[in-house]
Amino acid sequence: MSAPIEVGTVTATRRSGDARASWVVLLVAAAFFMENLDGTLMVTALPQMAASFGVRPLDMSAGITAYLLSLAVLIPVSGWVADRFGVRTVFMAALATFTVASALCGAAQSFAGFVAARMLQGMAGAMMVPVGRLAVLRSTRQENLMRAIAVITWPGLVAPILAPPLGGLIVTFASWRWLFYLNVPLGCVGVWLTHRFFDAMAAPAERRPFDVCGFVLCGVACSSLVYATEHLGRAGGSSLVLAAGVAMGVVTTVLAVWHLRRARTPLVSLATLRIRTFGVAVGGGSIYRISIGAVPFLLSLMFQTSFGLSAFSSGLLTLSVFAGNLAMKPLTTLIIQRFGFRSVLLVNGVLASLSVAAMSLLSPASPVAWMVAILFASGLARSLQFTALNTLSFADVPQPQMSGAATLSSVATQLTMAFGVSAGAIALRISQWLLDANANAAPVGPHDFQLAFIFVAVLGACGLIDLVSLPRDAGSRVSGHRQTS
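Under my numbering, the first residue of the sequence shown carries the number 385, and numbering increases by one thereafter.
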């Protein structure tokens with residue numbers, strides 16, 4: 385008689401654990417959405433914010449740069465902090481700090497105060513994103529991992545699409561300060577729910593000493609590369625500053641890799657890169673993410689400067705991409721289970737690149753239905769590719785290495801976000817240089833955007849080369865493809 389009771393107890397315990405894991409996934413996804421939306425909303429209000437602070441709109445880029453730099457410096461240390469102080473404690477503290485920093489951004493009366501608040505936001509985001517991902521990886525059973533990753537992937541896809549219409553609406557009918565005040569009630573509820581539903585996940589028994597040398601090298605490398613790419617995407621940037629940033633970034637990156645491979649307790653373990661599925665998802669996957677990261681930038685710019693649409697109308701049109709993301713979500717798990725990660729990533733990757741190339745066919749005279757169809761198809765393909773890449777990243781990573789893998793993945797993701805916008809700007813400049821006799825003086829026209837989309841599509845296709853070497857049953861423990869094939 386004891387066996388059924390024992391089985392029932394185990395079943396009840398498992399259901400309780402799954403319920404808590406579901407809350408963790410939803411809370412982390414909500415925090416990711418808040419963090420992603422915050423940065424993209426700000427771009428829609430730069431002229432209004434500049435007028436409020438009495439500075440030029442171009443100067444407002446310092447607020448974006450300050451956030452990205454503090455993010456880049458502190459993300460590498462997030463895994464060590466989570467292991468040292470506990471996932472729940474760090475995530476809750478980061479969410480609370482992000483909420484306070486958002487309120488300070490909204491209440492800022494000077495430009496210097498705003499930049500300082502943005503730096504505080506970046507510090508909080510550096511802990512919130514990778515530690516939140518680590519919480520999901522530690523609390524979710526492997527058979528449920530694909531659905532969990534799909535949920536926390538969504539904010540990165542949806543936020544850039546929702547930001548233009550939402551930001552335009554807020555700035556038009558309220559004040560730019562509400563772009564930041566919106567985070568306050570959401571953050572307060574998130575902190576309470578985190579305290580209520582997050583388990584006190586045990587830290588590793590053996591505490592690693594802090595790798596000071598690794599922290600300095602990684603921080604300088606990431607911040608130099610982020611600053612250089614942001615500077616490259618800015619019109620009128622200094623070539624000397626750009627060259628110095630690139631040189632510093634390359635040199636410190638080489639030194640950081642050399643140190644991390646030899647250190648006894650490295651700040652970020654590179655051992656997970658030897659796991660084929662993780663290495664491919666970070667390598668080739670990063671190239672694809674850079675390509676896709678350039679698309680919202682190019683679309684928004686094309687619709688407003690070339691097609692003559694307002695920011696709000698442009699945002700409404702790009703909602704077609706969100707509709708594609710939404711339509712793909714219920715099908716993602718079934719498709720990956722049926723065909724496996726390798727086939728999905730290769731075939732869908734080609735379709736995703738073709739959908740970006742198809743945007744080169746758009747013109748001011750294109751029917752709205754045609755525009756919507758292309759953007760919807762792009763949303764379908766990018767949603768499936770993002771979810772498959774993010775799930776494959778952790779499919780074969782052992783639990784003891786999850787912390788290092790989550791940190792390394794977050795570093796790659798944040799860097800590719802910065803590189804994506806710069807890639808779009810570079811593609812546009814190259815297009816002008818090739819097509820316009822006087823590229824510096826000529827306005828950006830539809831033909832410049834058309835060629836830029838071709839360049840970005842080719843870049844995304846290059847990321848597929850690394851995926852060819854994946855075994856056919858890659859990630860089958862998570863997808864279940866081998867059992868159903």
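Note that the Cβ used here is the ideal one computed from N, Cα and C, for glycine as well. Being a predicted model, the structure only gives us computed values, none of them experimental.
Contact check for valine 740 against alanine 841 passes: the beta carbons are separated by less than 7 angstroms. Given a length threshold of 4 residues, each whole run of the alpha helix (DSSP H) inside the segment 518-602 is given here in chain order: 529-557, 562-565, 567-581. A distance of 7 angstroms or more separates the beta carbons of valine 795 and serine 607. For alanine 779, the secondary structure class from DSSP, reduced to helix, strand or coil, is coil. Arginine 726 counts as buried, since at least 16 other C-beta atoms from the protein chains shown sit within 10 angstroms of its C-beta.
One Cα belongs to threonine 649, the other to tryptophan 464, and the distance between them is close to 10 angstroms.
By the Cβ criterion, the segment 689-708 is in contact with the segment 759-779, since at least three pairs of Cβ atoms, one from each stretch, lie closer than 8 angstroms. Valine 439 sits in coil when the DSSP states are folded into three classes, being neither helix nor strand. Approximately 5 angstroms separates the beta-carbon atoms of leucine 700 and proline 549; this is inside 8 angstroms, confirming the contact.
Nearest neighbour of valine 412 by Cα position, chosen from Phe581, Met507, Leu776, turns out to be Phe581. Relative to the Cα of alanine 500, the nearest Cα in the group Gly470, Ala480, Gly447 belongs to Gly447.
When C-alpha distances from alanine 492 are compared across Trp560, Gly509, Leu683, Ser653, the shortest belongs to Trp560. Comparing alpha-carbon positions, the option among Gln688, Ser777, Leu730, Met786 lying closest to serine 747 turns out to be Gln688. In the three-state DSSP reduction, phenylalanine 691 falls in the coil class, being neither helix nor strand.
Taking one beta carbon from each stretch, the segment 658-667 and the segment 800-808 have fewer than 3 pairs nearer than 8 angstroms; the two do not touch. Below 8 angstroms, too few C-beta pairs join the segment 635-648 and the segment 751-761 to call them touching: fewer than three. With contact defined as three or more Cβ pairs closer than 8 angstroms, the segment 674-686 and the segment 779-795 are not in contact.
Buried is the label assigned to tryptophan 538, since at least 16 other Cβ atoms lie within 10 Å of its Cβ.
Taking all protein chains shown into account, glycine 692 has fewer than 16 neighbouring C-beta atoms within 10 Å of its C-beta and is therefore exposed. In the DSSP annotation of this structure, the continuous segment of the alpha helix (DSSP H) that includes aspartate 467 starts and ends at 462-469. The residue from Leu773, Ser793, Leu843, Trp817 with its alpha-carbon nearest to that of glycine 804 is Leu843. Counting along the chain, serine 675 sits inside the alpha helix (DSSP H) bounded by residues 660-685. Every alpha helix (DSSP H) stretch that sits fully inside the segment 682-756 and reaches 4 residues is listed by chain position as 695-742. The Cβ atoms of serine 670 and asparagine 567 lie no closer than 7 angstroms to each other. The three-state reading of DSSP puts proline 650 in coil, since its state is none of H, G, I, E or B. With at least 16 other beta carbons inside 10 angstroms of its own, arginine 517 counts as buried. A distance of 7 angstroms or more separates the beta carbons of valine 408 and alanine 477. Excluding the 5 residues flanking it on each side, leucine 529 has same chain C-beta neighbours closer than 6 angstroms at Val862, in chain order.
In the three-state reduction of the DSSP assignment, glutamine 493 falls in the coil class. With contacts defined as CB atoms closer than 7 angstroms, glutamine 834 and serine 737 fail to qualify as a contacting pair. Around the beta carbon of serine 853, a 10 Å sphere encloses fewer than 16 other beta carbons of the protein chains shown; the residue is thus reported as exposed. Contact check for cysteine 602 and alanine 543: beta-carbon distance about 26 angstroms, past the 8 angstroms limit, so the pair fails to qualify. Leucine 776 sits close to alanine 665, with the two beta carbons spaced by under 7 angstroms.
Annotation: alanine 858 is outside any alpha helix (DSSP H) and is labelled neither H nor E by DSSP. For glycine 847, the three-state secondary structure derived from DSSP is coil.
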